[in-house]
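Residue numbers (our numbering), protein chains in the order written: chain E, 1218 to 1356; chain H, 4 to 129. See structure below.
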Amino acid sequence: MSGTVEIEIPARADYVSLVRLVVAAAAEMAPSLEPSRVDDLRVAVSEATTNAIQAHIRSGSTRPVRVCCHCSNGSVVVTVRDEGPGFDVDALPEMPPPESEARLGRESGMGISIMRALADNSSIDSSPEGTEVRLAFLH
Amino acid sequence: MTVTIRRREKPPWTVLSVGGDLDVVGAPDLRQAVVAAVADGSRRLALDLSELDFVDSFGIGAVVGALKRLRQRGGDLALVCPSPRIRRVFEICDLDRILALHDSIDSLLEPSPVGSAGATSGRGRP
């Protein structure tokens, strides 16, 4: 069985929970994806979608954020696309070690690390025209 | 689902029971609750995440902010986090290395053995 669910949401934070709900429901219909992996998917998609929404809010864009979830026998692949100003993926600041005092000054900036840790494969393609995050979870 | 926060006293701890979704929408509510508890004099704060359904980096950020606020005042923060899927997010961020993670409120309240950091799990505190 395979199928694709696509949704467009306004760039509003209160839509993130809806995206989590839809993507998790679609993934649960895919055979052999363990429940714990669906939990990982929810977190990773939440991070990507929130980042996309914030990119639109910062740039003043009124365009929707697009989320596509493709489920197949071998994987669940989620793509989150925004039309924000983009960012330099290679210039993301490193998180200080947890034991350092500086770490407690960093209350944000963990989302991409979490996404990368949870997905089996991930990629970020960013340009001044927007950013596409692709998250793959393998069965 | 939005976040729910309930405060109660379990001396010497003030316990904030956090339920629902601790994300970009829910995290500001936790920040406010922590600020209020500290303003009321709480210095040992426990976040009971037993009823938490979801946490992402925004929730983690609110917890880091709570830890910073308490340590600046000579206090401390502990987490009650029995759910492996919630705990996993804290572990990815290495916060289990600086926060005491407990499996239950009871284990939080148990006297710690001499030389122990008091956590029943996690990688302890610095």
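The beta-carbon is built from N, C-alpha and C at its ideal position, and this holds for glycine as well.
*Could you tell me which residues DSSP pairs with ILE1341 (chain E) in its beta bridges?*
DSSP lists E:VAL1350 as partners of ILE1341 (chain E).
*When the cut-off is 8 Å and only beta carbons count, does GLU1324 (chain E) lie next to chain H?*
Chain H, which has a Cβ nearer than 8 Å to the Cβ of GLU1324 (chain E), makes this yes.
*asked:* Taking the beta carbon of ARG91 (chain H) as the centre, do at least 16 other beta carbons fall within 10 Å, making it buried, or is it exposed?
replied: Burial call: buried.
*Against chain H: residues of the stretch 1276 to 1301 of chain E by CB proximity under 8 Å*: From the stretch 1276 to 1301 of chain E, no residue has a Cβ closer than 8 Å to chain H.
*Enumerate, from N- to C-terminal direction, the unbroken alpha helix (DSSP H) stretches of 4 or more residues contained entirely within the stretch 1235 to 1279 of chain E.*
Unbroken alpha helix (DSSP H) stretches of 4 residues or longer found wholly inside the stretch 1235 to 1279 of chain E: 1252 to 1276, given in chain order.
*Going along chain B, which residues have a C-beta under 8 Å from ASP79 (chain H)?*
Here chain B cannot be found, since the structure's protein chains are E and H.
*Measure the CB-CB distance between CYS1285 (chain E) and ALA1244 (chain E) and report whether it falls below 8 Å.*
It is not a contact, given that the beta carbons lie outside the stated cut-off.
_So, at 7 Å on beta carbons, what are the nonlocal neighbours of ALA39 (chain H) in its own chain, with the 5 sequence-adjacent residues on each side left out?_
So no residue of the chain qualifies.
_In whole angstroms, give me the CA-to-CA distance for VAL1262 (chain E) and ALA103 (chain H)._
Cα to Cα, VAL1262 (chain E) sits roughly 28 Å from ALA103 (chain H).
*For GLY125 (chain H), which of helix, strand or coil comes out of DSSP?*
Note that GLY125 (chain H) scores 48 on pLDDT, short of 50, meaning its location in the model is unreliable and no value can be drawn from it.
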